[in-house]
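Reading through the structure tokens given below for one structure.
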Amino acid sequence: MTALVAATTTVAVATPAAAGGQQPGGQRTGAPRMATFNASLNRGAAGGLVADLSRRDDAQAGNVAEVIQRVRPDVLLINEFDHDPGGRALTLFQDNYLSVPRNGTRAIRYPYRYAGPSNTGVPSRHDLNNDGTVGGPDDAYGFGLFAGQYGMAVYSKYPIDLAKVRTFQLFRWQDMPGALLPDDPATPEPGEWYSPAELADLRLSSKSHWDLPVRLPGRTVHLLASHPTPPVFDGPEDRNGRRNHDEIRFWADYVSPDRAGYIYDDAGRRGGLRPGAAFVIAGDLNADPHDGDSVPGAAQQLLENPRVNARVVPASAGGVAAAQRQGGANLDHHSRPHFDTADFADTNPGNLRVDYLLPSRGLPVRSTGIFWPVPGDPLFRLVGDYDPTLPGGFPTSDHRLVWLDLRR
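Encoded structure:
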């Protein structure tokens, strides 16, 4: 595992620049701001992200940095940040992008950073998609063209307690009691999609699951970070949908002392989060509560968990405007467009709420929101609408940054 920490410095918390036509969360009063952002900082070949971040002229990375500088989170999880074992991308994004003011913003500095390996692109040496051949991104432990593609990174103004970090990259899917293992519809036996040999190796997490204790003023909060696989790109066996469900379930069990006994981390330590510990579950969970292709009830495993405060829901005017403007599948959705966090294809599945910051009950929340400016706002250029001429289709990402302020 790669973990990088810079020397301790004193960092002032400043009022953020305008986001979506208003200050996110209003005037800052020193309340720690946490955020999650699937920033699409992934590239098509190993070393591609390092190469792009080695310069200061990558337009998409610059837009990502500007969004972060405007919202100014104190603790930030980035999904889809390619992992390299030396942590070069982690440092380069700070030095060449976050530390460089953009379009009237102020630079932002994170003295504490963390990145660990991802299951994406790591060869399983099994035919996991049952196409008769072994190899390629669909037969990796997590879908990826190379090891670390679509990884994760955390930037923090507050210390990360590295001695107490727990990672769950190696936890096997079959070791979860009652796991929703996929069934091969071509055989009469249940749960036959994966062979016993495959199940003996197959990991639950498509990237990884991390428990990062962050020392905020007056309390330690566990950042529970993950990025479950999209519940699509499979067949009637629904292997990705079922895995997505159980990757989400992992955190639901982890924060529930009576259900966490089966869990073990990469160091062999068993059990879940200690009772009463404060946490924020963060990441692109790839599951909307009501719409899209996830297994019904997947998101509700967290939203209805008694240890989770799901009553404060991030919202934006930009999500509403996008659903009205784009139409299509959005017109038939059950979830309110105020809560959407991703701009997906309008034919299917439409825009969805898939990016979450879910605090533990008892953790005081001041405010929360989504960076999604409306058309006509000067900052709409940072999100835009789908444009096939752009790499990835958007100026920044098809996801929006979600933020949450905790009361001190």
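Counting in the numbering used here, the final residue of the sequence shown is number 424, and the numbers go up one at a time with none missing.
Don't be surprised by glycine CBs; every beta carbon is placed ideally from N, CA and C.
- Fully enclosed alpha helix (DSSP H) runs of no fewer than 4 residues occupy 316-319 of the stretch 283-333, in order along the chain.
- With 16 or more other Cβ atoms from the protein chains shown falling within 10 Å of its own Cβ, Gly366 counts as buried.
- For Phe184, the number of other beta carbons within 10 angstroms of its own is at least 16, and it is reported as buried.
- Under the 10 Å beta carbon count, Lys180 is surrounded by fewer than 16 other beta carbons and is classified as exposed.
- The DSSP-derived three-state label of Phe159 is coil.
- About 15 Å separates the Cβ atoms of Phe159 and Ala61, ruling out a contact at the 8 Å cut-off.
- Look at Val390 here: in three-state DSSP terms it is coil, with no helix or strand label.
- In this model, Asp199 and Trp209 are separated by some 5 Å (Cα to Cα).
- In the three-state reduction of the DSSP assignment, Ile279 falls in the coil class.
- Closest option to Phe249, judged by alpha-carbon separation, among Val150, Asp154, Pro380: Asp154.
- Two segments are said to touch when three or more pairs of C-beta atoms, one from each, lie closer than 8 Å; by this definition the stretch 190-197 does not touch the stretch 100-115.
- Per DSSP, the unbroken alpha helix (DSSP H) holding Glu82 starts and ends at 75-87.
- Arg259 is positioned such that its CB atom lies no closer than 8 Å to that of Asn325.
- DSSP assignment within the stretch 230-273 yields the following whole beta strand (DSSP E) runs of 3 residues or more, N-terminal first: 235-241.
- The Cβ neighbour count for Val418, taken over all protein chains shown within 10 Å, is at least 16; the residue is labelled buried.
- Nearest to Arg129 by alpha-carbon distance, out of Gly102, Asn146, Gly148, Arg141, is Gly102.
- For Gly385, DSSP records a beta bridge to Trp419.
- Assignment of Ala55 by DSSP, reduced to helix, strand and coil, places it in the strand class.
- Shown here for Asp147: same chain residues with a beta carbon closer than 8 Å to its own, the five before and five after excluded, namely Asp154 in chain order.
- Taking each of Ala131, Leu144, Asp98, Arg86 in turn and checking the Cα distance to Pro117, the smallest one comes out for Arg86.
- The beta-bridge partner set that DSSP reports for Phe97 consists of Leu57.
- Between the stretch 167-182 and the stretch 225-232, the count of Cβ pairs shorter than 8 Å is three or higher; the stretches touch.
- Taking the C-beta atoms as reference points, Asp90 is found no nearer than 8 Å to Leu65.
- Within 10 angstroms of the beta-carbon of Gly277 lie fewer than 16 other beta-carbons, which makes it exposed.
- Using a Cβ distance threshold of 8 Å, Gly207 and Leu218 do not count as a contacting pair.
- Looking at the backbone, the Cα of Asp401 and that of Phe410 are separated by about 7 Å.
- Between the stretch 325-335 and the stretch 72-87 there are fewer than three C-beta pairs closer than 8 Å, too few to call the two in contact.
- If the five residues before and after Gly152 are omitted, its C-beta is found closer than 8 Å to no C-beta atom of its own chain.
- If you ignore the 5 residues before and after Arg416, its C-beta comes within less than 6 Å of the C-beta of Thr357, Ile386, Phe387, Trp388, all in its own chain and listed in chain order.
- Look at the stretch 201-234 and you find these whole runs of beta strand (DSSP E), each 3 residues long or longer: 226-232.
- Secondary structure note for Leu106: its alpha helix (DSSP H) is the uninterrupted segment 104-109.
- The residues Pro353, His354, in chain order, have a CB closer than 6 Å to that of Val336 in the same chain once the five nearest residues on each side in sequence are set aside.
- The Cβ neighbour count for Ala338, taken over all protein chains shown within 10 Å, is at least 16; the residue is labelled buried.
- Here Leu398 is not bridged, per DSSP, to any residue.
- Approximately 21 Å separates the beta-carbon atoms of Gly257 and Tyr270; this is outside 8 Å, ruling out the contact.
- For the 8 Å CB-CB criterion, Tyr126 and Leu69 do not form a contact.
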